[in-house]
Amino acid sequence: MTPARLLSLLAFAAATLPGCRPADRPAASSAAASEAGLPAAVARNRLRGVVLDPAQPKPDLRLTTVDGQPFDFRRDTKGKLALLFFGYTHCPDICPLHMANLGRVLQGLPSEVTSRIVVVFVTTDPERDTPARLKGWLANFGPGFVGLTGSSDQIRNAQLAAQLMPAIRELPDSAAPDAYLVSHAAQVIAYTSDDLAHIVYPFGIRQQDWANDLPILAQGWPE
Amino acid sequence: MARVRLRAALALTVAAACAGPPTPLAVQGAFGFAPLSPSEAALYFTVVNPGPVDTLLAAEAPIAAGAMVHRAVTEDGVTRMDHLAALEVPAGGRVELRPGGLHLMLVELVRQPAPGDTLDLVLRFARAGERRVRVPLLAYGDAPGY
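The listed protein sequences derive, respectively, from chains L and P. Taking numbering that gives the first Met the number 0, I'd label the letters of the first sequence as residues 0 to 222. Taking numbering that gives the first Met the number 0, I'd label the letters of the second sequence as residues 0 to 145.
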């Protein structure tokens, strides 16, 4: 095989393999416009998240918002795409990056899509994440983020209900006793309007992936 | 004849380059995120080490009381941060600190830096000695590659 033939084959493979994602994918708004009316199987195949089989039921979470209001996860997200994440504000790597990537994409999507999406962030560190601190931290990512807190038991049970391993407080490795770390599940769980999670988003999902998937999921699971 | 001489000269040049001092260990592509927490920040960089095996022993930044290397490890669906007392850089290899993998965590910040600021960082290696690095800070969300 000549080098030129090999190169053209490689280019063809890069353009057609599902794992290869050119950096110049369409931006969020054009992707949103093109997703409407796609056959369900086509829409499903386009998704970049990790599909769950079987799907998981939307958990019955009752916690408290950063404004002190009760929040019933099933009732208060009914009919919407609910994106659920457990994390904490002292986390400098995964939590803020995951949320900021999501927030940045939401800000670029048309309001007919974002009006169907609610992001719910539950702190895994209720002792240090006061409602005021959590509220201020979430405001960095955009207006639509709901921050929830509760007792340690409530938060542990919420993670179990969402079929996650509960977060664990790690022993401090510095002299300051409040400088501990919290190990926790790092995926965003997406519950579509059928009250099921068919898909999750581990850390590493990029903005272009969110921009691709959210307009599809906001219309409901493509079934 | 001329061609043969040129080849000989080239061979000599290559031999001289190989016998010369080795390319030193370098720290490349440093960046960080302007922290949203008043107490912690994460920095990233790549250590390129053409020489023998080396070890990152310590990091110091005037903006923070302490700095430690963390590695994100996911087991049984839970992601934790393992603290590494030292970070080995293989001979003729590299170590990349990047979001979701390894990061340098600054703790107990003395002030809150903003996106666009640049932090001073000193990395201390067992063999290569000190490397001074300037670390530009991005806003979370301004690094769409991660």
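Using N, Cα and C, we set each Cβ at its ideal position, and we do this for glycine too. In this text, all values refer to a predicted model and were calculated from it rather than measured experimentally.
DSSP bridge partner residues for residue i (one or two, in chain order)
| i | result |
| --- | --- |
| L/M98 | According to DSSP, L/M98 bridges with nothing at all. |
| P/E107 | Bridge partners of P/E107: none, in fact. |
| P/H102 | P/H69 |
| P/E87 | P/T54 |
| P/V132 | P/L120 |
| L/F120 | L/F84, L/G146 |
| P/D81 | P/R70 |
| L/E169 | L/L180 |
| L/A157 | In DSSP, L/A157 forms no bridge with anything. |
| L/I188 | L/L83, L/V199 |
| P/L137 | P/F32 |
| P/E95 | P/T45 |
Outcome for residue i when other beta-carbon atoms lying within 10 angstroms are tallied against a minimum of 16
| i | result |
| --- | --- |
| L/I167 | exposed |
| P/V72 | exposed |
| L/K57 | buried |
| L/V119 | buried |
| L/S182 | buried |
| L/D128 | buried |
| L/R74 | exposed |
| L/A210 | buried |
| P/A10 | With a pLDDT of 47 at P/A10, under the threshold of 50, the modelled position of that residue is not reliable, and no figure is offered here. |
| L/D152 | exposed |
| L/A131 | exposed |
| L/L159 | exposed |
| L/P214 | buried |
| L/L101 | buried |
| L/D187 | Per the sequence presented here, residue 187 of chain L reads as Val, with Asp not at that position. Per the 10 Å Cβ criterion, buried. |
| L/P91 | buried |
| P/R110 | exposed |
| L/D124 | buried |
| L/T76 | buried |
| P/V88 | buried |
| L/V41 | exposed |
| L/I204 | buried |
| P/L122 | buried |
| P/A84 | exposed |
| L/R115 | buried |
| L/A157 | buried |
Same chain, Cβ closer than 8 Å to residue i, five either side skipped, listed in chain order
| i | result |
| --- | --- |
| L/G18 | Model confidence at L/G18 stands at a pLDDT of 35, short of 50, so the residue's coordinates are unreliable; what they give is reported in the following sentence. Within the same chain, L/G18 has no close Cβ partners at all. |
| P/E39 | M104, L105, V106, L108 |
| P/G91 | N48, P49, G50 |
| P/G128 | none |
| P/A113 | A33, L136 |
| L/E134 | For clarity, residue 134 of chain L is Lys in the given sequence; the question names Glu instead. Excluding positions up to five away in sequence, the list reads V65, D66, G146. |
| L/V199 | G48, V49, L51, Q186, V187, I188, A189 |
| P/L24 | V46, V47, N48, P49, G50, D53, V88, F124, R126, A127, R130 |
Chain-order list of residues whose beta-carbon lies under 7 Å from that of residue i (same chain, five-residue window excluded)
| i | result |
| --- | --- |
| L/D212 | L46, R47, G48 |
| L/S110 | none |
| L/A174 | Unreliable positioning characterises L/A174 in this predicted model, as indicated by a pLDDT of 49, which lies under 50. The coordinate reading is nonetheless provided below. There are no such residues. |
| L/T191 | L80, H197, L216, G219, W220 |
| P/G31 | A40, A41, L42, Y43, L118, V134, L136 |
| L/A54 | L195, A196, H197 |
| P/E95 | T45 |
| P/A125 | D53, T54, L56 |
| L/C94 | G86, Y87 |
| L/R103 | Q206 |
Own chain, CB closer than 6 Å to residue i, minus 5 neighbours either side, in chain order
| i | result |
| --- | --- |
| L/Q259 | No answer is possible for residue 259 of chain L: the residues shown for chain L start at 0 and end at 222. |
| P/P34 | A40 |
| L/F72 | L60 |
| L/L180 | E169 |
| P/P146 | Residue numbering for chain P in the displayed model covers 0 to 145; residue 146 of chain P lies beyond these limits and cannot be assessed. |
| L/L105 | T113, G141 |
| L/M98 | F140 |
| P/A58 | A66, L103, L122 |
| L/W136 | T88 |
* Could you name the residues of the segment 135-161 of chain L whose beta carbon sits closer than 8 Å to any beta carbon of chain P, in the order they occur along the chain? => W136, N139, F140
* To do: Scan the segment 15-79 of chain P and note each continuous beta strand (DSSP E) run of 3 residues or more that stays entirely inside, going in chain order.
  => 25-32, 39-48, 53-59, 63-74
* Determine which residues of the segment 30-43 of chain P have a Cβ less than 8 Å from any Cβ of chain L, and write them out in chain order. => F32, P34, L35, S36, S38, E39, A40, A41
* Near-chain P residues of the segment 94-118 of chain L - C-beta to any C-beta below 7 Å -> P95, L96, A99, N100, G102, R103
* **Residues, ordered as in the chain, of the segment 68-91 of chain P that lie near chain L by beta-carbon distance below 8 Å** => H69, A71, T73, D75, G76, V77, T78, R79, M80, H82
* To do: Could you please tell me which residues of the segment 184-209 of chain L, in chain order, have their CB closer than 9 Å to any CB of chain P?
  => A184, A185, Q186, P201, F202, G203, R205, Q206, Q207
* Completely contained alpha helix (DSSP H) runs for the segment 32-113 of chain L, where each covers 4 or more residues -> 39-45, 72-75, 93-107, 110-113
* To do: Can you give me, in chain order, the residues of the segment 120-145 of chain P that have a beta carbon less than 9 Å from any beta carbon in chain L?
  => A138, Y139, G140, D141, A142, P143, G144, Y145
* Check distances from the C-beta atoms of the segment 50-70 of chain L to those of chain P and list, in chain order, the residues that come in under 9 Å. => none
* Short-range partners of chain L found in the segment 105-116 of chain P, where Cβ spacing is below 9 Å -> L105, V106, E107
* Asked: In the segment 81-93 of chain L, which residues sit with their C-beta less than 7 Å from some C-beta in chain P, listed in chain order?
  -> T88, H89, P91, D92, I93
* Interfacial residues, the segment 52-69 of chain P to chain L, with Cβ spacing under 8 Å -> G65, M67, H69
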